[in-house]
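S.K.: In my numbering, the protein residues as written are 2 to 316.
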């Protein structure tokens, strides 16, 4: 399926977190002994563990802004000296690599979706299916909550926010949100959407785009992704791979445009012209993967005059 036909839906909840497109990601990253890899969205460590298992001498740096990822990272680091973890999002990739003494790396993975534990914890405020506080922050300890954002924005600003995520009834929904303020729970927000557009008529919940748009604004997701797409390609060594998994067209579009623009330079090439989708077996086994879309960028040569420093210890 092409990007223009992607389903604008949140990854469905599943009983256990399963790394999306695990085998496909490994095939493109091709981990090797001595290689250095960045898992920019560590989550519960599924992709990181797969990379470490695939190449006994590989090293992985994990990043995640969600403090609930830290215990899983600490447990892995305690028994695996090839793994390091830093708290922070992938927009801070360059400074994170500098902190651990890595100049260039062999592979970078960004999985832009929510983890299953995030979706299945009502208190986080991400889920459409479970009522909880209207929060939606990746880091619950900092920044503005979704409730605070919707209280602050004017009706026109809310409509523009929703329209940017492809919501055609954005004005009607914004009017309902403003009329029902203050909204305090995810159920309040979903009820405002249902009042504006009517009940569910198909597989996709009518509040999906609204939740995506609000979550994106709360966490500044477009700005964070733009910063990562600017920094990551230049931190790849020759033959290094940048792999990005997105879940809706609002995420995929900037990745597609950035990769195509970079592929016009002699230093980079696209892994495939079209996005890579899960096969039927994976989609059936892991419902969360259904809307996943993987794009690959490979660095094929160094920039003219670029000096590649030899590897240090960098542990």
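The beta carbon of each residue, even a glycine, is placed where N, CA and C say it ideally should be. All of these numbers come straight from a predicted model, not from anything done at the bench.
1) What span of residues does the alpha helix (DSSP H) with residue 198 cover, start to end?
2) How many angstroms separate the CA atom of residue 193 from the CA atom of residue 152?
3) Suppose contacts are defined by Cβ-Cβ distances below 8 angstroms. Is residue 262 in contact with residue 106 by that definition?
4) Quick one: grab the DSSP three-state call for residue 292.
5) Would residue 228 and residue 92 qualify as a contact pair, given that the criterion is a beta-carbon distance under 8 angstroms?
6) Work out the CA separation of residue 196 and residue 299 for me, nearest whole Å.
7) For residue 225, which of 295, 36, 111, 189 has the nearest alpha-carbon?
8) Is the distance from the Cβ of residue 184 to the Cβ of residue 135 below 8 angstroms?
9) Just to confirm my understanding: we take residue 139, look at its own chain, exclude 5 residues before and 5 after, and list those with CB closer than 6 angstroms. What are they?
10) What's the C-alpha gap between residue 41 and residue 94?
11) If you follow the alpha helix (DSSP H) that residue 163 is part of, which residue opens it and which one closes it?
12) Give the single residue among 19, 56, 246 whose Cα lies nearest to the Cα of residue 33.
13) Give me the Cα-Cα distance between residue 206 and residue 243, rounded to the nearest whole angstrom.
14) Do you know offhand how far residue 79's Cα is from residue 72's?
15) Please report the distance separating the alpha-carbon of residue 74 from that of residue 60.
16) When you compare the region 243 to 253 with the region 289 to 299, are there three or more beta-carbon pairs, one atom per stretch, that lie closer than 8 angstroms?
17) Below 8 angstroms on the Cβ atoms is my contact criterion, and I expect residue 141 with residue 131 to pass it. Report the Cβ-Cβ distance as a whole number of Å.
18) Does DSSP put residue 143 in a helix, a strand or coil?
19) Going by beta carbon distance, what residues of the same chain come within less than 7 angstroms of residue 352, once the five residues before and after it are set aside?
20) Confirm, please, whether the CB-CB distance from residue 239 to residue 317 is below 8 angstroms.
21) Using the Cα positions of residue 37 and residue 199, report the straight-line distance between them to the nearest angstrom.
22) Would you mind working out which of 191, 213, 109, 51 sits nearest residue 133, comparing C-alpha positions?
23) Please state whether DSSP places residue 62 in a helix, a strand or coil.
24) For my contact list, residue 69 and residue 118 are in at a C-beta cut-off of 8 angstroms; report their separation, rounded to the angstrom.
25) With distance defined between alpha-carbon atoms, name the residue in 271, 266, 252 nearest to residue 166.
26) Could you name the residues of the same chain whose beta carbon sits closer than 6 angstroms to that of residue 181, not counting the 5 residues immediately before and after it, in chain order?
27) Taking the DSSP output, what are the residues bridged to residue 80?
28) Where does residue 240 sit, in a helix, a strand or coil, going by DSSP?
29) Compare the Cα-Cα distances from residue 154 to each of 176, 88, 26, 230 and report the closest residue.
30) Based on Cα-Cα distance, which residue from 157, 100, 301 lies nearest to residue 87?
M.R.: Looking at the coordinates:
1) Indexing the chain shown from 1 puts residue 198 at position 197. Going by DSSP, residue 198 is part of the alpha helix (DSSP H) stretching over 187 to 198.
2) Position 192 of the chain shown, counted from the start, is the residue given in the question as residue 193. Position 151 of the chain shown, counted from the start, is the residue given in the question as residue 152. Answer to the nearest angstrom: the Cα atoms are 14 angstroms apart.
3) Within the chain shown, the letter at position 261 stands for residue 262. Within the chain shown, the letter at position 105 stands for residue 106. No, the Cβ-Cβ distance between residue 262 and residue 106 is not below 8 angstroms.
4) As a first step, residue 292 must be located in the chain shown, where it is residue number 291. Looking at residue 292 - three-state DSSP - the assignment turns out to be coil, as it is neither helix nor strand.
5) In the chain shown, residue 228 corresponds to position 227, counting from 1. In the chain shown, residue 92 corresponds to position 91, counting from 1. One thing to note: residue 228 has its Cβ within 8 angstroms of the Cβ of residue 92.
6) Mapped onto the chain shown, residue 299 falls at position 298. Mapped onto the chain shown, residue 196 falls at position 195. In this structure, the straight-line span from the alpha carbon of residue 299 to that of residue 196 is close to 47 angstroms.
7) Position 224 of the chain shown, counted from the first residue, corresponds to residue 225. With respect to the C-alpha of residue 225, the residue from 295, 36, 111, 189 having the closest C-alpha is 111.
8) Against the chain shown, residue 184 aligns to sequence position 183. Against the chain shown, residue 135 aligns to sequence position 134. A distance below 8 angstroms separates the beta carbons of residue 184 and residue 135.
9) Counting from one through the chain shown, the residue named residue 139 turns up at place 138. The residues are 66, 67, 220.
10) Numbered from its first residue, the chain shown carries residue 41 at position 40. Numbered from its first residue, the chain shown carries residue 94 at position 93. Note on geometry: alpha-carbon atoms of residue 41 and residue 94 lie some 8 angstroms from one another.
11) For the purposes of this step, residue 163 is identified with residue 162 of the chain shown, where counting begins at 1. Taken as a continuous stretch (DSSP letters only), the alpha helix (DSSP H) holding residue 163 covers 156 to 164.
12) For the purposes of this step, residue 33 is taken as the residue at position 32 of the chain shown. Among 19, 56, 246, the Cα nearest to that of residue 33 is on 56.
13) Here residue 206 is taken as the residue at index 205 of the chain shown, counted from 1. Here residue 243 is taken as the residue at index 242 of the chain shown, counted from 1. Rounded to the nearest angstrom, the two C-alpha atoms are 32 angstroms apart.
14) By 1-based counting over the chain shown, the position of residue 79 is 78. By 1-based counting over the chain shown, the position of residue 72 is 71. Residue 79 and residue 72 have their C-alpha atoms roughly 11 angstroms apart.
15) Indexing the chain shown from 1 puts residue 74 at position 73. Indexing the chain shown from 1 puts residue 60 at position 59. Looking at the two C-alpha atoms, the distance is approximately 14 angstroms.
16) Cβ pair count under 8 angstroms is three or more, so yes.
17) For the purposes of this step, residue 141 is taken as the residue at position 140 of the chain shown. For the purposes of this step, residue 131 is taken as the residue at position 130 of the chain shown. In this structure residue 141 does not touch residue 131 by the C-beta definition: roughly 16 angstroms separates them, more than the 8 angstroms allowed.
18) As a working note, residue 143 is residue 142 in the chain shown. Residue state for residue 143 is assigned as coil, using DSSP reduced to three classes.
19) Because residue 352 is not part of the residues shown, which for the chain are 2 to 316, the question remains open.
20) Only positions 2 to 316 of the chain appear in the structure, and residue 317 is not among them; the question remains open.
21) Looking up residue 37 in the chain shown gives position 36. Looking up residue 199 in the chain shown gives position 198. Between residue 37 and residue 199, the C-alpha separation is close to 50 angstroms.
22) Residue 133 sits at position 132 when you count from the first residue of the chain shown. In terms of CA proximity to residue 133, 191 leads the group 191, 213, 109, 51.
23) As a first step, residue 62 is located in the chain shown; it is residue number 61 there, counting from the start. Strand at residue 62.
24) Working through the chain shown from its first residue, we reach residue 69 at position 68. Working through the chain shown from its first residue, we reach residue 118 at position 117. Yes, they are in contact, since the Cβ atoms of residue 69 and residue 118 sit about 7 angstroms apart, within 8 angstroms.
25) Within the chain shown, numbered from 1, the residue matching residue 166 stands at position 165. Considering only alpha carbons, the answer is 252.
26) Counting from one through the chain shown, the residue named residue 181 turns up at place 180. Taken in chain order, the residues that qualify are 193.
27) Sequence index remark: in the chain shown, residue 80 carries index 79 (1-based). When beta bridges are read from the DSSP output, residue 80 appears opposite no residue.
28) In the chain shown, the residue the question calls residue 240 occupies position 239. Of the three classes helix, strand and coil, the one that applies to residue 240 here is strand, per DSSP.
29) Mapped onto the chain shown, residue 154 falls at position 153. Taking each of 176, 88, 26, 230 in turn and checking the Cα distance to residue 154, the smallest one comes out for 176.
30) The residue labelled residue 87 in the question sits at position 86 within the chain shown. Closest option to residue 87, Cα to Cα, is 100.
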